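> Pasting in a structure now, in structure tokens, and then I'll have a few things to ask.
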Amino acid sequence: MTNHPLLRADHLSFQYTPFDEKRKVPLFDRFSFALAPGERVAVAGRSGAGKSALLRLFARLLEPTGGILFFRERPYGEYFAPTLRRQVALVPQTPVIFDGDGRTNLTLHLDAPPDDATLRTWLDRFDLPADLLDREGRALSVGQKSRLTVIRSLLMAPDVVLLDEPTAGLDAATEKIVVAALTEESQRRGMAMIVSAHHLDLIGPMVDRTITLHPPAEAA
Amino acid sequence: MTLIDPTPADLAVASLLYGAVVGLSLKEGLGVEKSLTVAALRMGVQLFFVGYLVRFLFGVERWYVVTGALFLMSLYAARAGVARMKRPVPGLWGPMWIGVFGGTLFTTAVVTQGVLKLDPWYAPEGLIPLGGMILGNAMNGGALAADRLHAELKARRDEIEALLALGLTYPRAAREASREAVRGALIPTVNSMLTVGIVHLPGIMVGQMLGGADPVTAAKYQFVIMLMVAASVSLTAALFVKRGLAVYFTGAHQLRHELFGEK
Ligand SMILES: Nc1ncnc2c1ncn2[C@@H]1O[C@H](COP(=O)(O)OP(=O)(O)O)[C@@H](O)[C@H]1O
Ligand SMILES: [Mg+2]
Chain V
11 MTNHPLLRAD HLSFQYTPFD EKRKVPLFDR FSFALAPGER VAVAGRSGAG
61 KSALLRLFAR LLEPTGGILF FRERPYGEYF APTLRRQVAL VPQTPVIFDG
111 DGRTNLTLHL DAPPDDATLR TWLDRFDLPA DLLDREGRAL SVGQKSRLTV
161 IRSLLMAPDV VLLDEPTAGL DAATEKIVVA ALTEESQRRG MAMIVSAHHL
211 DLIGPMVDRT ITLHPPAEAA
Chain R
15 MTLIDPTPAD LAVASLLYGA VVGLSLKEGL GVEKSLTVAA LRMGVQLFFV
65 GYLVRFLFGV ERWYVVTGAL FLMSLYAARA GVARMKRPVP GLWGPMWIGV
115 FGGTLFTTAV VTQGVLKLDP WYAPEGLIPL GGMILGNAMN GGALAADRLH
165 AELKARRDEI EALLALGLTY PRAAREASRE AVRGALIPTV NSMLTVGIVH
215 LPGIMVGQML GGADPVTAAK YQFVIMLMVA ASVSLTAALF VKRGLAVYFT
265 GAHQLRHELF GEK
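Protein chains in written order, with our numbering: chain V, 11 to 230; chain R, 15 to 277.
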């Protein structure tokens, strides 16, 4: 580990204007945070606390209304956003599956897709059947879809993966497998992780530390 | 057959048709007689205004007057195209103009110079009605594409954001939505091509025949016109979507959710 953080938020503020309203609702106010390379952090907080918004800010899908975000100590503004998003990979809360088989769903964004053998290894690590490569993605179960979207992002070999409640649709046994596979990948490649969750039973032990967000009304 | 020029008395007879509509509305309590009257009056005023204006333009044989008139019409068409959206999005005016202008310019140039070979090239009797008609169709196509693009982007926002998160650029992340928008704009044109002459005799063909033209000549013109409409609609829709898409994203390839409202 170097001393330089991989990701850093410096006095990050975010407020949004509800549709057809003039009022601004603050969600984050001068929030500062640093993530070391390879570090694993959980983001806890009730529904509506801003976990998804924070991860989308880190993925530069939202623009902060104040403060600066850094990747490798360079401000986000200096990066071409699509390139940055391959290094800081967000797995959205709602799994999105596209038309086509499992293989298409795993590799549609890759310039040099891995071969089937590699893909099957990935499926196996997340307890998914190998024949899923040839099955229609839309026909899969919610839990299978969500694991597919996790693998899809990991295939970019990002420096940090942002997982938005990755185990929400899973039973306890599968959740354990997913947490183990993620930890293993993080340790193997030195990949950092930020995982949001509304309960920390399983994710708590795998992370280095936890930050807790409070809904704006409570914080005020 | 000679050209039939309706006299004021003839027009008064035609107005009986309107009386019948109002009568029906009153008798059945449809309550549309007021809006019908307003619409009929507006329609009359607009048509006569255009008739006299174009008669004036026909008299001024200057290329810059003719093209200037079409240019002004394109600005108006672009505005109307955006205003017609169910929820007009600020910033789409420019892309709409580029679409309408580009689609009209290309199509009008091919038809007036390549097919009809107008002499002089700006002959107002040809350029004004054809250009105006192409412009009208371009505007319809642009407005349809705009509504469809908006609806598709809104419906696909999770999908688009997921693709952005996978490192795709916004044109690639929104490719399906763009395609659907252009496709949607073309559907009415394709449908009208399929039914023209069978279910429906276009107004221009009818007008030409009334004006004394040979029906087969009128058919030839209609053939050119249908292709012209298809070309201007698709070109306008494609140009608009390419430019208009940028309005829905920031420079950092972020989808501007605030343009859509609640899910
Ligand atoms: N861009 C935005 N526009 C409107 N509302 C937003 C926006 N971003 C966040 N919110 C609101 O902020 C709150 C926090 O949302 P979210 O980040 O999804 O919380 P969590 O993931 O912790 O449940 C919610 O009330 C949500 O509606
Ligand atoms: Mg959330």
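Beta carbons are placed, not taken as given, at the ideal position from N, Cα and C, and that holds for glycine. All of these numbers come straight from a predicted model, not from anything done at the bench.
Between residue 222 of chain V and residue 56 of chain V, what straight-line distance do the alpha-carbon atoms span, to the nearest angstrom?
Translated into the one-based positions of the first sequence, residue 222 of chain V becomes position 212. Translated into the one-based positions of the first sequence, residue 56 of chain V becomes position 46. Each residue's alpha carbon lies about 9 Å from the other.
> With 9 Å as the limit, tell me which residues of the region 57-73 of chain V have their beta carbon closer than that to any beta carbon of chain R; keep them in chain order.
Here the close residues are 66, 69, 70, 71, 72 and 73.
> Using the beta-carbon of each residue, which ones in chain R are nearer than 9 Å to residue 203 of chain V?
The residue given as residue 203 of chain V occupies position 193 in the first sequence. Here the premise fails: no neighbours, minimum Cβ distance about 15 Å.
> Flag residue 75 of chain R as yes when its Cβ comes closer than 8 Å to any non-hydrogen atom of ligand 1, and as no otherwise.
Reading the second sequence from its first residue, position 61 is the one you call residue 75 of chain R. Because no heavy atom of ligand 1 lies under 8 Å away, the Cβ of residue 75 of chain R does not count as near it: no.
> Let me know the alpha helix (DSSP H) ranges lying completely inside the region 231-255 of chain R, each 4 residues or longer, listed in chain order.
Listed in chain order, there is nothing to give.
> Would you say the beta carbon of residue 156 of chain V comes nearer than 8 Å to a heavy atom of ligand 2?
Position 146 of the first sequence, counted from the first residue, corresponds to residue 156 of chain V. No, Cβ of residue 156 of chain V sits at least 8 Å from all heavy atoms of ligand 2.
> Per DSSP, what are the beta-bridge partners of residue 26 of chain V in this structure?
Position 16 of the first sequence, counting from 1, holds the residue named residue 26 of chain V. Answer by DSSP bridge pairing, in chain order: V:35.
> Should residue 176 of chain V go down as buried or exposed, given a rule of 16 or more other Cβ atoms within 10 Å for buried?
Locating residue 176 of chain V in the first sequence gives position 166, where the first residue counts as 1. Buried, since its Cβ has 16 or more Cβ neighbours within 10 Å.
> In whole angstroms, give me the CA-to-CA distance for residue 109 of chain V and residue 146 of chain V.
For this step, residue 109 of chain V is matched to residue 99 along the first sequence. For this step, residue 146 of chain V is matched to residue 136 along the first sequence. Distance between the alpha carbons of residue 109 of chain V and residue 146 of chain V: 8 Å.
> Buried or exposed for residue 199 of chain V, going by 16 or more other Cβ atoms inside 10 Å?
As a working mapping, residue 199 of chain V is identified with position 189 in the first sequence. Looking at its Cβ environment, which holds fewer than 16 other Cβ atoms inside 10 Å, residue 199 of chain V is exposed.
> Where are the beta strand (DSSP E) runs, 3 residues long or more, that stay fully inside the region 135-200 of chain R, in chain order?
Taking only runs of at least 3 residues, no beta strand (DSSP E) segment lies wholly in the region 135-200 of chain R.
> To the nearest angstrom, report how far apart residue 23 of chain V and residue 177 of chain R are at their CA atoms.
Taking the first sequence and counting its residues from 1, one reaches residue 23 of chain V at position 13. Taking the second sequence and counting its residues from 1, one reaches residue 177 of chain R at position 163. When rounded, the distance between both Cα atoms is 25 Å.
> Run through the DSSP bridge pairs and tell me what residue 137 of chain V is partnered with.
Position 127 of the first sequence, counted from the start, is the residue given in the question as residue 137 of chain V. Bridge partners of residue 137 of chain V: none, in fact.
> Counting along the chain, where does the beta strand (DSSP E) carrying residue 219 of chain V start and finish?
For the purposes of this step, residue 219 of chain V is identified with residue 209 of the first sequence, where counting begins at 1. It spans 219-222 - the beta strand (DSSP E) in which residue 219 of chain V sits, taken as one unbroken run.
> Candidates R:82, R:185 and R:202: which alpha carbon is nearest residue 141 of chain R's?
Looking up residue 141 of chain R in the second sequence gives position 127. Nearest C-alpha to residue 141 of chain R: R:82.
> Any heavy atom of ligand 2 closer than 8 Å to the beta-carbon of residue 175 of chain V?
Locating residue 175 of chain V in the first sequence gives position 165, counting from the first residue. Indeed, a heavy atom of ligand 2 lies less than 8 Å from the Cβ.
> In chain V, what lies closer than 8 Å to residue 182 of chain R by C-beta?
Locating residue 182 of chain R in the second sequence gives position 168, where the first residue counts as 1. The answer, in chain order, is 92 and 119.
> Count Cβ pairs between the region 161-173 of chain R and the region 229-246 of chain R that sit closer than 8 Å; are there 3 or more?
These segments do not touch.
> Any beta carbon of chain V sitting closer than 9 Å to that of residue 139 of chain R?
Translated into the one-based positions of the second sequence, residue 139 of chain R becomes position 125. Output row for residue 139 of chain R: interface = no.
> Please specify which runs of the alpha helix (DSSP H), each continuous and at least 4 residues long, are wholly inside the region 136-196 of chain V, giving them in chain order.
The region 136-196 of chain V contains these whole alpha helix (DSSP H) runs: 152-164.
> Whole alpha helix (DSSP H) runs in the region 56-108 of chain V with 4 or more residues, listed along the chain?
The region 56-108 of chain V contains these whole alpha helix (DSSP H) runs: 61-68 and 91-97.
> With distances taken from CA atoms, which of V:52, V:80, V:160 and V:178 is nearest residue 94 of chain V?
In the first sequence, counting from the first residue as 1, residue 94 of chain V sits at position 84. Checked all of V:52, V:80, V:160 and V:178; the closest Cα to residue 94 of chain V is V:80.
> Anything in chain V within Cβ reach of residue 172 of chain R, meaning under 8 Å, just list it in chain order.
As a first step, residue 172 of chain R must be located in the second sequence, where it is residue number 158. Within 8 Å Cβ-Cβ: 102, 104 and 106.
> As a quick exercise: from R:128, R:224 and R:118, pick the residue whose alpha carbon is nearest that of residue 86 of chain R.
Walking along the second sequence from the start, residue 86 of chain R turns up at place 72. Per the Cα distances, R:118.
> Candidates R:258, R:218 and R:186: which alpha carbon is nearest residue 143 of chain R's?
The residue labelled residue 143 of chain R in the question sits at position 129 within the second sequence. Here the closest residue by C-alpha is R:218.
> According to DSSP, what are the bridge partners of residue 41 of chain V?
On the first sequence, residue 41 of chain V is found 31 positions in, with the first residue counted as 1. For residue 41 of chain V, which the question treats as bridged, DSSP gives the partners V:22.
> Mind checking whether the beta-carbon of residue 55 of chain V lies closer than 8 Å to any heavy atom of ligand 1?
Here the question's residue 55 of chain V lines up with position 45 in the first sequence. Yes - ligand 1 has a heavy atom lying nearer than 8 Å to the Cβ of residue 55 of chain V.
> Name, please, each residue of chain R whose Cβ falls closer than 9 Å to the Cβ of residue 111 of chain V.
In the first sequence, the residue the question calls residue 111 of chain V occupies position 101. Under the 9 Å cutoff, chain R gives no residues; its nearest Cβ is about 17 Å from residue 111 of chain V.
> When the Cα atoms are used, what is the spatial distance from residue 267 of chain R to residue 41 of chain R?
Translated into the one-based positions of the second sequence, residue 267 of chain R becomes position 253. Translated into the one-based positions of the second sequence, residue 41 of chain R becomes position 27. In a straight line, the C-alpha of residue 267 of chain R is about 58 Å away from that of residue 41 of chain R.
> Leaving out five residues before and five after residue 255 of chain R in sequence, what residues of the same chain have Cβ atoms less than 7 Å from its Cβ?
What you label residue 255 of chain R is simply residue 241 of the second sequence in a count that begins at 1. Cβ neighbours of residue 255 of chain R beyond the five flanking positions: 159, 163, 192, 195 and 196.
> Using a Cβ-Cβ cut-off of 6 Å (strictly less than) and excluding sequence neighbours within five positions of residue 168 of chain V, which residues of its own chain qualify?
Within the first sequence, the letter at position 158 stands for residue 168 of chain V. Hits under 6 Å: 97 and 99.
> For residue 125 of chain R, which residues of its own chain have a beta-carbon under 8 Å away from its beta-carbon, when the five flanking residues on both sides are left out?
Translated into the one-based positions of the second sequence, residue 125 of chain R becomes position 111. Once the five neighbours on either side are set aside, the close Cβ partners of residue 125 of chain R are 144, 148, 238 and 242.
> Between the C-alpha atoms of residue 72 of chain R and residue 169 of chain R, what's the straight-line distance to the nearest angstrom?
Position 58 of the second sequence holds residue 72 of chain R. Position 155 of the second sequence holds residue 169 of chain R. Approximately 48 Å between the Cα atoms of the pair.
> When you check each C-beta in the region 176-202 of chain R against every C-beta of chain V, which residues fall closer than 8 Å?
Within the region 176-202 of chain R, the residues whose Cβ lies closer than 8 Å to some Cβ of chain V are 176, 177, 178, 179, 180, 181, 182 and 183, listed in chain order.
> Among R:116, R:18 and R:172, which residue has its Cα nearest to the Cα of residue 153 of chain R?
Here residue 153 of chain R refers to the residue found at position 139 when the second sequence is read from its first residue. Answer by Cα proximity: R:116.
> So does residue 179 of chain V have its beta carbon nearer than 8 Å to some heavy atom of ligand 1?
To locate residue 179 of chain V, count along the first sequence from 1; it is residue 169. No, the Cβ of residue 179 of chain V stays beyond 8 Å of every heavy atom of ligand 1.
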